[in-house]
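Reviewing the structure listed below.
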Amino acid sequence: MTHLEQDCISQPLAGCEVKNIGVEGKSDFSDWVDLMEAIELLCPTWPAPSAQVDGLFRM
Amino acid sequence: MSRLVAQIKQAVAAFSECKMPPALIGGLALAAHRVVRATRDVDFLAGSEDADHLHEVLIGLGYRCVHRSEDAANYLRNDEGLDLLYAHRPIARKLLKEAVVYPTVMGSLRVVSAEGLIGFKLQALANDSSRIRDIEDIRALLSARNGQLDMQEIREYFALFDRMQWLDELIAENTDDSP
Chain A
1 MTHLEQDCIS
11 QPLAGCEVKN
21 IGVEGKSDFS
31 DWVDLMEAIE
41 LLCPTWPAPS
51 AQVDGLFRM
Chain B
1001 MSRLVAQIKQ
1011 AVAAFSECKM
1021 PPALIGGLAL
1031 AAHRVVRATR
1041 DVDFLAGSED
1051 ADHLHEVLIG
1061 LGYRCVHRSE
1071 DAANYLRNDE
1081 GLDLLYAHRP
1091 IARKLLKEAV
1101 VYPTVMGSLR
1111 VVSAEGLIGF
1121 KLQALANDSS
1131 RIRDIEDIRA
1141 LLSARNGQLD
1151 MQEIREYFAL
1161 FDRMQWLDEL
1171 IAENTDDSP
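From first to last, the protein sequence lines stand for chains A and B.
The first sequence begins at 1 in this note's numbering and counts up by one.
The second sequence begins at 1001 in this note's numbering and counts up by one.
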């Protein structure tokens, strides 16, 4: 086993044991607006909107 | 200003003449309850008595109606979508009436309560169990509003959709995650 292989084995994999903790917003939608502005810059062409709303309604 | 913000501002301004101004629901409404995620789904809960008026308003804004039923309608304008759920049952009408106004960069927005959003997420899941996003939204709302929610109301929604066992599991998750 090479030193490189030993180093790889001894190091934890990146991303393991990482909890998915959401970012807490400010309730005024400013976080969402900032986020969507960034997304629109990265993805100026939007995918097709989702399918129709229909089905079971109990509310 | 982003296209999405402009779209929502325009719609909200046009809705001002409704008997009961529509309230935000869906992924976008989560932002009012401290859960922020990317979404461009624009979903409103509207009074069923405003359905015809809203239809005319949206057609006037250049949308076309791709689906409309007693319970819901979908409108499209090029790549912009806008969905309406009509409140005509007691639960939805109560949630619409009690929606809280939030001052935002898009103007004053009425937003359904966190408890009500969980109810509508459960309804969406009942319609399509593959909607993982709704599961994560419910989990995030329960976590972000832990200790501040009307759990009796939430229990009623989970019971309405036969999901009581899952609620117990989610509550246990939150308890485990507490510092």
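Even for Gly, the Cβ is constructed at its ideal location relative to N, Cα and C.
Whole angstroms are fine: how far does the CA of N1078(B) sit from the CA of P49(A)?
In the first sequence, counting from the first residue as 1, residue 49(A) sits at position 49. In the second sequence, counting from the first residue as 1, residue 1078(B) sits at position 78. Straight-line Cα distance between these residues: approximately 9 Å.
Report yes or no: do three or more beta-carbon pairs, one from the region 1101–1119 of chain B and one from the region 1011–1022 of chain B, lie closer than 8 Å?
yes
Outcome for D1134(B) when other beta-carbon atoms lying within 10 angstroms are tallied against a minimum of 16:
Position 134 of the second sequence, counting from 1, holds the residue named residue 1134(B). With 16 or more Cβ atoms within 10 Å of its Cβ, D1134(B) is classed as buried.
Buried or exposed, going by whether 16 or more other CB atoms sit within 10 Å of the CB of P1021(B)?
Taking the first residue of the second sequence as position 1, residue 1021(B) is located at position 21. Result: buried.
Give the range of the beta strand (DSSP E) segment to which D1083(B) is assigned.
Taking the first residue of the second sequence as position 1, residue 1083(B) is located at position 83. It spans 1080–1087 - the beta strand (DSSP E) in which D1083(B) sits, taken as one unbroken run.
Proximal chain B residues relative to L42(A), where beta-carbon distance stays under 7 Å:
Taking the first residue of the first sequence as 1, we reach residue 42(A) at position 42. The contacting residues do not exist; L42(A) stays about 10 Å from chain B at best.
What do you get for N1146(B), buried or exposed, if any count of 16 or more other CB atoms within 10 angstroms of its CB means buried?
Your numbering for residue 1146(B) matches position 146 in the second sequence. Counting Cβ neighbours within 10 Å, N1146(B) comes out exposed, since fewer than 16 surround it.
Min CB distance V1000(B) to chain A below 8 Å
Given a span of 1001 to 1179 for chain B in the structure shown, any question on residue 1000(B) remains unanswerable.
Beta-carbon proximity check, S30(A) vs R1034(B), cutoff 8 Å:
Here residue 30(A) corresponds to residue number 30 of the first sequence, with the count starting at 1. Here residue 1034(B) corresponds to residue number 34 of the second sequence, with the count starting at 1. No, the pair does not count as a contact, with Cβ atoms beyond the cut-off.
Does DSSP put A1038(B) in a helix, a strand or coil?
By 1-based counting over the second sequence, the position of residue 1038(B) is 38. A1038(B) falls in the coil class under three-state DSSP.
What residue from D1043(B), R1064(B), E1169(B), V1066(B) has the CA that sits closest to L1096(B)'s CA?
Your numbering for residue 1096(B) matches position 96 in the second sequence. The shortest C-alpha separation from L1096(B) is found at D1043(B).
So with Cβ pairs under 8 Å, would you call A1051(B) a contact of chain A?
The count along the second sequence starts at 1 and reaches residue 1051(B) at position 51. No, A1051(B) does not count as interfacial toward chain A.
Please look up how many angstroms separate the CB atoms of Y1086(B) and E1070(B), rounded, as I've assumed it's under 8 Å.
Position 86 of the second sequence, counted from the first residue, corresponds to residue 1086(B). Position 70 of the second sequence, counted from the first residue, corresponds to residue 1070(B). 7 Å between Cβ atoms; contact.
Just reading off the beta strand (DSSP E) that F1044(B) is part of, what are its end residues?
As a position in the second sequence, residue 1044(B) is number 44, starting the count at 1. Element bounds for F1044(B): 1043–1047.
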